[in-house]
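Read the structure below first, then the notes.
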Amino acid sequence: MEDVKSPKRRSAQTRSRIVNAAQGLFVVRGYAGTTFQQIADAAEVSVQTVYFHYGTKSQLLKHVVDVASVGDDEPVPLLKRPWFAALQAAQDPMAVVRGWVHQSGVILDRVALVLAVVRDAAAGDPDMAAQWAANSEQRHTAHGEVVAILARLQALRPGLTEGQATDITVGLLSPDLFLVMTRECGWSTARWQDWSADQLCHGLLSP
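Take the numbering used here: the final residue in the sequence shown is number 228, and no numbers are missing along the way.
This is the structure in structure tokens:
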């Protein structure tokens, strides 16, 4: 019997090829320098197929960022993933910080370079400016959720507000700083994770 799910599976595989091809081209060529035709050629599909699935280049780059952020194409937000639920249930503040920094490193390994594409394009493209603003707000919200866990555990340093703690976390775990340390300074992601966790534990948690 023919697999009735096969068209859906083939469509998902096609989208995956397009996204992978687009991410590689955006990182190398930038937003303005990448065309749908180049993406179609790299994905081995027709350019009409790329337009069918994504419509515009800005929509495609948004999807590339979304997939890179969570690691797959499933419609499950980052903060609804099982690993985040485990952080919410943790009772050790240091384990919360180190767990969040570890996952941040995993995520930034996938997404930091393509976020830099969005950032660089934002100055000259309204769609990319809106995308960068949305991505920045999402990062701030995610880091704020982790700080809220620490606040519930009464683990924040005396006098440190949740807003201040969130700002510190956003800055230390920013994609820009991640790229400075891993690309310019040559650190491994593991070294960045260890250093960032130490800095956050010292900066956020009660002695």
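We treat Cβ as the ideally placed atom computed from N, Cα and C, and that holds for glycine.
Note that the coordinates shown come from a computational prediction; the quantities given were computed from them, not determined experimentally.
| Ordered along the chain, which non-local residues of its own chain (more than five positions away) have a Cβ less than 7 Å from that of A150? | For A150, where only same-chain residues beyond five positions count, the Cβ hits under 7 Å are A143.
| task | Determine the closest residue to K78 out of L174, D148 and G224, with distance taken between C-alpha atoms. | result | By alpha-carbon distance to K78, the top candidate from L174, D148 and G224 is D148.
| Where F73 falls, given that 16 or more other Cβ within 10 Å makes a residue buried | That one is exposed.
| said: Classify S209: buried if its beta carbon has 16 or more other beta carbons within 10 angstroms, exposed otherwise. | reply: Answer is exposed; the Cβ neighbour count stays below 16.
| field | I128 to P179 span [Cα, whole Å] | value | A straight line joining the alpha-carbon of I128 with that of P179 spans about 30 Å.
| task | Identify the continuous alpha helix (DSSP H) that holds M149 and give its terminal residues. | result | Per DSSP, M149 belongs to the alpha helix (DSSP H) from P147 to R173.
| For L181, which of helix, strand or coil comes out of DSSP? | Residue state, collapsed to three classes: coil.
| query | From the DSSP output, which residues share a beta bridge with L226? | reply | DSSP output for L226 lists L177 as bridge partner(s).
| message | Given a cut-off of 7 Å on the beta-carbon distance, is the pair P114 and L194 in contact? | response | Against a cut-off of 7 Å, the Cβ pair of L194 and P114 comes out as no contact.
| message | So, at 8 Å on beta carbons, what are the nonlocal neighbours of V191 in its own chain, with the 5 sequence-adjacent residues on each side left out? | response | Cβ contact annotation for V191 (same chain, cutoff 8 Å, sequence separation greater than five): R160, H161 and H164, in chain order.
| field | The alpha helix (DSSP H) enclosing K83, as first and last residue numbers | value | Where K83 is concerned, the enclosing alpha helix (DSSP H) stretches over K78 to V91.
| field | Sub-7 Å separation of A111 and V117 beta-carbons | value | At a Cβ-Cβ threshold of 7 Å, A111 and V117 count as neighbours.
| field | Spatial distance of L82 from P228 (CA atoms) | value | Roughly 43 Å separates the two Cα atoms.
| said: Buried or exposed, going by whether 16 or more other CB atoms sit within 10 Å of the CB of R50? | reply: Exposed, because fewer than 16 other Cβ atoms sit within 10 Å of the Cβ of R50.
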